[in-house]
Amino acid sequence: MPAPPPPAGGRRRWKHRLSPTLARDRCYARAFRSAGFRQAVVPLPDGAVVHFWLPRPDPALHPVLLLHGFGANATWQWAPFLRPLIAAGLAPFVPDLVFFGNSASPTADRSPAYQAASVAAAMAALPDVPQRYSVVGVSYGGFVAYHLAHAFPAVVERLVLVAAGVCLEEADLASGLFAVDDISEAASLLLPQRPEDLRRLVELTFCKPPKFMPSCFIRDYIRVMCTENVKEKTELLYALISGRKHSDLPKINQQTLIIWGEQDRVFPLELGLRLKRHLGDTSELTIVKDAGHAINREKPAELCRLIKNYIIDPSVKYRDDRKQGCWKFALRRFAGSSLRKVDSSRPLI
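With the UniProt record's numbering applied, the sequence shown corresponds to residues 1 to 349, in that order.
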């Protein structure tokens with residue numbers, strides 16, 4: 001009599017054990033622990049919980065809040081930056097934003113302002129956290145960081161916005177500035193459920209996309225990283241873009257460093273120039289050559305250096321002789337070009 005097939009649960013367990021995505025996820029978590037970080041879950045009065053990675057208490061270090069983007073949780077985006085930032089004199093506080101990683105909320109509010117309020121409340125509830133800290137936000141995390149700086153000016157010292165298109169408008173979709181025509185199409189790419197969607201997202205995100213992407217690894221990544229809280233994350237996108245107007249964007253007073261990849265096709269450089277014009281003399285725009293939207297993956301050493309140099313010495317206005325570009329040159333370059341061209345190289349929102 002043939003042996004019975006193994007139970008489905010057993011097969012799932014073996015798939016779980018052999019997942020390269022889960023293996024990498026564990027490596028990133030191990031990098032946090034080996035750098036001296038510990039985990040904490042902060043409950044909030046509205047029922048939300050915010051998961052944090054906390055550094056060792058050290059009053060000699062300058063606190064900095066690191067906010068991840070839409071594509072992954074905190075460990076995936078910030079693991080390579082921990083030790084260099086600590087060595088430079090910074091103490092990184094690293095949360096998962098609501099509906100990412102181990103953070104969640106029962107409320108219906110999906111706005112970046114709610115994300116900012118949740119992070120601020122969680123930071124205030126943590127013991128031994130200084131009353132003022134700098135904030136670094138990558139992409140979607142930059143939207144949250146901007147709202148944090150506006151709503152809590154007494155808390156946020158300095159701001160670093162990395163490829164954060166906070167000056168976008170919903171009308172930009174129809175104008176041809178992006179590779180998608182509406183929010184639902186953007187959601188299908190930013191929350192990929194099919195291998196072809198993830199391949200396209202990678203091609204748009206990286207200046208030099210990886211040439212070898214086995215389908216088995218892509219499907220595994222989607223299964224592990226892209227299937228949780230899809231409804232809630234889609235609602236986050238709609239809340240971010242729907243009805244958005246540049247004229248409604250408030251100004252902030254904190255000194256702000258804007259970092260942009262020259263070849264960004266997710267949030268094109270035009271949005272960085274808009275933000276520089278919006279903020280004026282309180283901001284600096286650094287354009288990184290040979291980088292797309294995924295600056296933290298393509299240029300981690302350069303990005304880390306820019307963050308360290310800007311935050312460590314808040315007594316002087318930022319100047320960097322090695323910065324990769326000049327916003328005025330880029331402004332002249334874009335002034336003579338049309339942003340309404342529609343082709344396969346158009347950036348994705």
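Here a beta-carbon is modelled for each residue, glycine too, at the ideal position from N, C-alpha and C.
Look at the alpha carbon of residue 221 and the alpha carbon of residue 261, and state the distance between them as a whole number of angstroms.
Mapped onto the sequence shown, residue 221 falls at position 221. Mapped onto the sequence shown, residue 261 falls at position 261. As the crow flies, the alpha-carbon of residue 221 is around 25 Å from that of residue 261.
Skipping 5 residues on each side, what residues in its chain have a beta carbon closer than 6 Å to that of residue 229?
Here residue 229 refers to the residue found at position 229 of the sequence shown. Here residue 229 has 99 as same chain residues with Cβ atoms under 6 Å from its own Cβ, once five neighbours each way along the sequence are excluded.
What is the rounded straight-line gap between the Cα of residue 253 and the Cα of residue 130?
Position 253 of the sequence shown, counted from the first residue, corresponds to residue 253. Position 130 of the sequence shown, counted from the first residue, corresponds to residue 130. Rounded to whole angstroms, residue 253 to residue 130 spans 20 Å at the Cα level.
Alpha carbons only, please: which of 57, 120, 174 is nearest the one belonging to residue 86?
One-based indexing of the sequence shown puts residue 86 at position 86. Comparing Cα-Cα distances from residue 86 to each of 57, 120, 174, the minimum goes to 57.
How about the segment 160-168 and the segment 136-147: do they share at least three Cβ pairs that are nearer than 8 Å?
Taking 8 Å as the limit for Cβ pairs, the verdict is that the segment 136-147 does touch the segment 160-168.
With distances taken from CA atoms, which of 120, 33, 62, 36 is nearest residue 49?
Residue 49 sits at position 49 when you count from the first residue of the sequence shown. Of 120, 33, 62, 36, the residue nearest in Cα terms is 120.
Which of the three DSSP states, helix, strand or coil, is assigned to residue 222?
In the sequence shown, residue 222 corresponds to position 222, counting from 1. In this structure, residue 222 counts as helix in the three-state DSSP scheme.
Is it the case that the Cβ atoms of residue 67 and residue 135 are separated by a distance below 8 Å?
Residue numbering aside, residue 67 sits at position 67 when the sequence shown is read from its first letter. Residue numbering aside, residue 135 sits at position 135 when the sequence shown is read from its first letter. Taking the C-beta atoms as reference points, residue 135 is found nearer than 8 Å to residue 67.
Residue 39 in three-state terms, based on DSSP
In the sequence shown, the residue the question calls residue 39 occupies position 39. Of the three classes helix, strand and coil, the one that applies to residue 39 here is strand, per DSSP.
For residue 18, which three-state DSSP category applies?
In the sequence shown, counting from the first residue as 1, residue 18 sits at position 18. The answer is coil: DSSP assigns residue 18 none of H, G, I, E or B.
For residue 134, three-class secondary structure by DSSP:
Sequence index remark: in the sequence shown, residue 134 carries index 134 (1-based). Three-state result, residue 134: strand.
Within 8 Å, strictly: CB atoms of residue 198 and residue 218
The residue labelled residue 198 in the question sits at position 198 within the sequence shown. The residue labelled residue 218 in the question sits at position 218 within the sequence shown. Going by C-beta atoms, residue 198 is nearer than 8 Å to residue 218.
Residue 207 burial status per 10 Å Cβ neighbour count (16 or more: buried)
Numbered from 1 along the sequence shown, position 207 holds the residue referred to as residue 207. Sixteen is the threshold: when 16 or more other Cβ atoms of the shown chains lie within 10 Å of the Cβ of residue 207, as they do, the residue is buried.
Closest by CA to residue 118, which one among 152, 128, 91, 18?
Here the question's residue 118 lines up with position 118 in the sequence shown. Nearest C-alpha to residue 118 among 152, 128, 91, 18: 152.
Own chain, CB closer than 8 Å to residue 226, minus 5 neighbours either side, in chain order
Locating residue 226 in the sequence shown gives position 226, where the first residue counts as 1. 191, 192, 193, 198, listed in sequence order.
Use the C-beta contact count for residue 196: other C-beta atoms within 10 angstroms, 16 or more gives buried, fewer gives exposed.
In the sequence shown, residue 196 corresponds to position 196, counting from 1. Residue 196 comes out exposed.
Let me know the secondary structure DSSP gives residue 291 once reduced to three states.
For the purposes of this step, residue 291 is identified with residue 291 of the sequence shown, where counting begins at 1. In this structure, DSSP gives residue 291 a state outside helix and strand, which the three-state scheme calls coil.
What does the alpha-carbon distance come out to for the pair residue 107 and residue 46?
As a first step, residue 107 is located in the sequence shown; it is residue number 107 there, counting from the start. As a first step, residue 46 is located in the sequence shown; it is residue number 46 there, counting from the start. C-alpha separation (whole angstroms): 7 Å.
In whole angstroms, what separates the C-alpha of residue 256 from that of residue 40?
The count along the sequence shown starts at 1 and reaches residue 256 at position 256. The count along the sequence shown starts at 1 and reaches residue 40 at position 40. Between residue 256 and residue 40, the C-alpha separation is close to 29 Å.
DSSP three-state call for residue 65: helix, strand or coil?
Position 65 of the sequence shown, counted from the first residue, corresponds to residue 65. Note: residue 65 maps to strand in three-state DSSP.
What residue range is occupied by the uninterrupted beta strand (DSSP E) comprising residue 266?
By 1-based counting over the sequence shown, the position of residue 266 is 266. Taken as a continuous stretch (DSSP letters only), residue 266 belongs to no beta strand (DSSP E), as it is neither H nor E.
Inspect the beta-carbon positions of residue 122 and residue 92 and report whether they are closer than 8 Å.
Here the question's residue 122 lines up with position 122 in the sequence shown. Here the question's residue 92 lines up with position 92 in the sequence shown. The answer is no: Cβ separation not under 8 Å.
Would you kindly work out how many angstroms separate the C-alpha atoms of residue 284 and residue 306, rounded to a whole number?
On the sequence shown, residue 284 is found 284 positions in, with the first residue counted as 1. On the sequence shown, residue 306 is found 306 positions in, with the first residue counted as 1. If you draw a straight line from the Cα of residue 284 to the Cα of residue 306, it is about 11 Å long.
Measuring straight from C-alpha to C-alpha, what distance separates residue 110 and residue 290?
Residue 110 sits at position 110 when you count from the first residue of the sequence shown. Residue 290 sits at position 290 when you count from the first residue of the sequence shown. Residue 110 and residue 290: Cα-Cα distance of roughly 34 Å.
Near residue 168, which residues of its chain fall below 6 Å by C-beta distance, leaving aside the five closest residues on each side in sequence?
To locate residue 168, count along the sequence shown from 1; it is residue 168. Within its own chain, the residues whose Cβ lies closer than 6 Å to the Cβ of residue 168, once the five positions on either side in sequence are excluded, are 271, listed in chain order.
Where does the unbroken beta strand (DSSP E) through residue 282 begin, and where does it stop?
Here residue 282 refers to the residue found at position 282 when the sequence shown is read from its first residue. It is not in any beta strand (DSSP E) - residue 282 carries neither H nor E in the DSSP assignment.
Residues that DSSP places opposite residue 52 in a beta bridge:
In the sequence shown, residue 52 corresponds to position 52, counting from 1. Paired residues: 40, 95.
C-alpha gap between residue 37 and residue 248, whole angstroms:
Translated into positions along the sequence shown, residue 37 becomes position 37. Translated into positions along the sequence shown, residue 248 becomes position 248. A straight-line Cα-Cα distance of about 38 Å links residue 37 and residue 248.
Measure the C-alpha to C-alpha separation of residue 97 and residue 115 and round it to an integer number of angstroms.
The residue given as residue 97 occupies position 97 in the sequence shown. The residue given as residue 115 occupies position 115 in the sequence shown. Taking the straight line from one Cα to the other gives about 7 Å.
Give every residue of the same chain whose Cβ lies closer than 7 Å to the Cβ of residue 323, excluding the five residues on either side of it in the sequence, and list them in chain order.
As a first step, residue 323 is located in the sequence shown; it is residue number 323 there, counting from the start. For residue 323, the predicted structure reports a pLDDT of 43, less than 50, and the residue's modelled location is therefore unreliable. The matter cannot be settled from this model.
Between the CA atoms of residue 62 and residue 319 - distance to the nearest angstrom:
For the purposes of this step, residue 319 is taken as residue 319 along the sequence shown, with counting starting at 1. For the purposes of this step, residue 62 is taken as residue 62 along the sequence shown, with counting starting at 1. Annotation note: pLDDT 43 at residue 319 (below 50); position unreliable, coordinate value reported separately. Annotation: residue 319 to residue 62 spans about 20 Å, alpha carbon to alpha carbon.
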